[in-house]
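**Student:** Chains as they are written, first to last, in my numbering: chain A, 1 to 218; chain B, 1001 to 1218.
The C-beta atom is built at its ideal place from N, Cα and C for all residues, glycine as well.
For clarity, every value in this text was computed on a predicted model and none was experimentally measured.
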DNA sequence: GAGCGCGCTGTGAGCAGCCTGAGAAGTGCT
DNA sequence: AGCACTTCTCAGGCTGCTCACAGCGCGCTC
């Protein structure tokens, strides 16, 4: 689990990094709001622990900006302000939890676990064409409901074909998108792999258009 | 927004009902754990405010039972116990938030809003995949009911795999989420640890997808 | 219907990717 | 200091994937 800790107080930041790392988290730290925001944007974190009083950009602003950009990474605010209105403000600007300093380490951990439980669940995106289905996430491929196992190259090729189902795709096009070094790969290799796919998927779906390329019925 | 308030102290229950109704919530109340659980099961609520010390069935048990039944309605625990371990226990048995009495009404509202923002996308407090279970809070791992002891790194790796069960995860992805300095860690290290896990968990669950990564059967 | 060119496929060599055992380095406990 | 344990590196071995090659079939053209 990747965590981002944004905290300017060096000693606390170091303590958090050490403690959380000992729990098995992968921890990155940022010492001010701006770099914290930048990291949160592109760092693919599972949660963010965020101080409020930060140089350059306050914690409030960091959350608000993230939310405005449709980034819903779970955020736990750490704050020295223990007023009820401070807490309410922090939560209302988009944070998911709020702890006041000094905080209990045990509680911080439990609250992080509770946050991580509710991950950002993005799903499906399973491609279909005719009686074929292909799931890029699980790499499951089925023909008429029956599962089929493909080698990596076969899989990539089928994925490309299915994404262009209905269209005729040329061999050069296929080489460009499926092979690493299209220039020194024999176009015959494509024919070979089309053969493999036909054997595994049945001959009906994948038609050859002589002189042009191949076409997967959509 | 429909709220369920489970609270046996009559005056507090009435105050909550009035206050929350004034905020525009539709509020039902229950005065003991059993009827609370029954209502939560079938009442289609958007969130539950739950006391711990309840007649007939404790708040802990209510949450645990709901979660066991795959009911992920957001739960906010209200408790008179303010020990850090009470709070951690409450969260770890599946609640999403924990407030100690006496609490600030403003904060309760803000925390409810934060919960409702998230909606029902929770996952269990103890993770499962196939015949594997893993509890992030207690760090217990079992295979087919039998307990297994893992080293910290093994545990973190399994946790990541189980959180992504069914999906194929690449070695780089694993390095990013499980190792501290992914850049100067040999991908072979991942292979080694996958080997360790297979020896401890049995070879069936953890499949390698050649050229891509690994996949834990879900 | 003959000739030609495109596409198909069986074979096998080469090698990338993965697994594993052995062991070194580091850490904490007794 | 000695021991147990964990982490990680390294080298060797194996599996099975990838791809080139060459011969054959088939459809198109004239």
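The beta strand (DSSP E) that contains residue 1057 of chain B, what's its start and end?
**Tutor:** It is not in any beta strand (DSSP E) - residue 1057 of chain B carries neither H nor E in the DSSP assignment.
**Student:** Using a Cβ cut-off of 8 Å, pull out every chain B residue sitting near residue 154 of chain A, in sequence order please.
**Tutor:** Those do not exist, as residue 154 of chain A stays about 11 Å from chain B at its closest Cβ, beyond 8 Å.
**Student:** With distances taken Cα to Cα, identify the nearest neighbour of residue 47 of chain A among A:96, A:148, A:197, A:160.
**Tutor:** With distances taken between Cα atoms, residue 47 of chain A lies closest to A:96.
**Student:** Return the CA-CA distance between residue 1054 of chain B and residue 1101 of chain B, expressed in angstroms with no decimal places.
**Tutor:** Distance between the alpha carbons of residue 1054 of chain B and residue 1101 of chain B is about 14 Å.
**Student:** Here's the rule: buried if 16 or more other CB atoms are within 10 angstroms of the residue's CB, otherwise exposed. What is residue 1192 of chain B?
**Tutor:** With fewer than 16 other Cβ atoms within 10 Å, it is exposed.
**Student:** Applying a beta-carbon distance threshold of less than 7 Å, which residues of chain B neighbour residue 104 of chain A?
**Tutor:** Going along chain B in sequence order, the residues near residue 104 of chain A (Cβ under 7 Å) are 1084.
**Student:** Whole angstroms is fine: what's the gap from residue 1105 of chain B's alpha carbon to residue 1032 of chain B's?
**Tutor:** Looking at the two C-alpha atoms, the distance is approximately 22 Å.
**Student:** Less than 8 Å between the beta carbons of residue 187 of chain A and residue 201 of chain A, yes or no?
**Tutor:** Not in contact: residue 187 of chain A and residue 201 of chain A (Cβ atoms no closer than 8 Å).
**Student:** Taking the alpha helix (DSSP H) that residue 19 of chain A belongs to, which residues open and close that run?
**Tutor:** Residue 19 of chain A -> alpha helix (DSSP H) spans 10–22.
**Student:** Quick one: give me the first and last residue of the beta strand (DSSP E) that residue 1129 of chain B is part of.
**Tutor:** Segment 1127–1129, the beta strand (DSSP E) holding residue 1129 of chain B.
**Student:** Please list the segments of the beta strand (DSSP E) lying wholly inside the region 1037–1120 of chain B, counting only runs of 3 or more residues, in order along the chain.
**Tutor:** Correct list: 1047–1051, 1075–1079, 1097–1100.
**Student:** Does any CB atom of chain B fall closer than 8 Å to the CB of residue 133 of chain A?
**Tutor:** No, because no Cβ of chain B sits closer than 8 Å to the Cβ of residue 133 of chain A.
**Student:** Do you know how far the Cα of residue 195 of chain A is from the Cα of residue 112 of chain A?
**Tutor:** Looking at the two C-alpha atoms, the distance is approximately 51 Å.
**Student:** What whole-angstrom Cβ distance do residue 130 of chain A and residue 205 of chain A have, given they're in contact under 8 Å?
**Tutor:** At roughly 5 Å, the Cβ-Cβ gap stays under 8 Å, so residue 130 of chain A and residue 205 of chain A are in contact.
**Student:** With a threshold of 8 Å between beta carbons, is residue 1044 of chain B in contact with chain A?
**Tutor:** No, because no Cβ of chain A sits closer than 8 Å to the Cβ of residue 1044 of chain B.
**Student:** Would residue 142 of chain A pass as an interface residue toward chain B - the criterion being a Cβ-Cβ separation below 8 Å?
**Tutor:** Chain B contact via Cβ: absent.
**Student:** Pull up the DSSP beta-bridge partners for residue 1214 of chain B, would you.
**Tutor:** Looking at the DSSP assignment, residue 1214 of chain B forms a beta bridge with B:1169, B:1208.
**Student:** CB-CB under 7 Å to residue 115 of chain A, same chain, minus the five flanking residues each way: which ones, in chain order?
**Tutor:** If we look at residue 115 of chain A and ignore the five residues flanking it on each side, its Cβ neighbours are 47, 74, 76, 96, 97.
**Student:** Quick one: list the residues of chain A neighbouring residue 1180 of chain B, beta-carbon separation under 9 Å, in chain order.
**Tutor:** Within chain A, the residues near residue 1180 of chain B are 21, 26, 27.
**Student:** Hey, is residue 3 of chain A's beta-carbon within less than 8 Å of any beta-carbon in chain B?
**Tutor:** So no, residue 3 of chain A is outside the interface.
**Student:** Does residue 1159 of chain B come out as helix, strand or coil in the three-state DSSP assignment?
**Tutor:** The answer is helix: DSSP assigns residue 1159 of chain B an H, G or I state.
**Student:** What residue does the alpha helix (DSSP H) around residue 1189 of chain B start on, and which one ends it?
**Tutor:** From DSSP, the alpha helix (DSSP H) with residue 1189 of chain B extends over 1187–1201.
**Student:** For the beta strand (DSSP E) holding residue 4 of chain A, just list the boundary residues, first then last.
**Tutor:** Per DSSP, residue 4 of chain A belongs to the beta strand (DSSP E) from 2–6.
**Student:** Can you give me the C-alpha to C-alpha distance between residue 1165 of chain B and residue 1145 of chain B, rounded to a whole angstrom?
**Tutor:** Going from the Cα of residue 1165 of chain B to the Cα of residue 1145 of chain B covers about 19 Å.
**Student:** So, under 8 Å CB-CB, residue 1213 of chain B and residue 1169 of chain B are touching, yes? Tell me the CB distance rounded to an integer number of Å.
**Tutor:** Going by Cβ atoms, the distance from residue 1213 of chain B to residue 1169 of chain B rounds to 5 Å, so yes, they are a contact pair.
**Student:** Give every residue of the same chain whose Cβ lies closer than 6 Å to the Cβ of residue 1063 of chain B, excluding the five residues on either side of it in the sequence, and list them in chain order.
**Tutor:** Taken in chain order, the residues that qualify are 1075, 1093, 1094, 1095.
**Student:** Roughly how many angstroms separate the alpha carbons of residue 970 of chain B and residue 1007 of chain B, rounded to a whole number?
**Tutor:** A question about residue 970 of chain B goes unanswered here, because the residues of chain B that appear run from 1001 up to 1218.
**Student:** Rank A:137, A:42, A:152 by C-alpha distance to the C-alpha of residue 71 of chain A and give the top, closest one.
**Tutor:** Among A:137, A:42, A:152, the Cα nearest to that of residue 71 of chain A belongs to A:42.
**Student:** In terms of alpha-carbon separation, which member of A:86, A:45, A:82 lies closest to residue 60 of chain A?
**Tutor:** Per the Cα distances, A:86.
**Student:** Flag this pair as yes or no: are the beta carbons of residue 109 of chain A and residue 161 of chain A separated by less than 8 Å?
**Tutor:** No.
**Student:** In this structure, does DSSP put residue 1032 of chain B in helix, strand or coil?
**Tutor:** It is coil, neither helix nor strand.
**Student:** In three-state DSSP terms, what is residue 1183 of chain B?
**Tutor:** Note: residue 1183 of chain B maps to helix in three-state DSSP.
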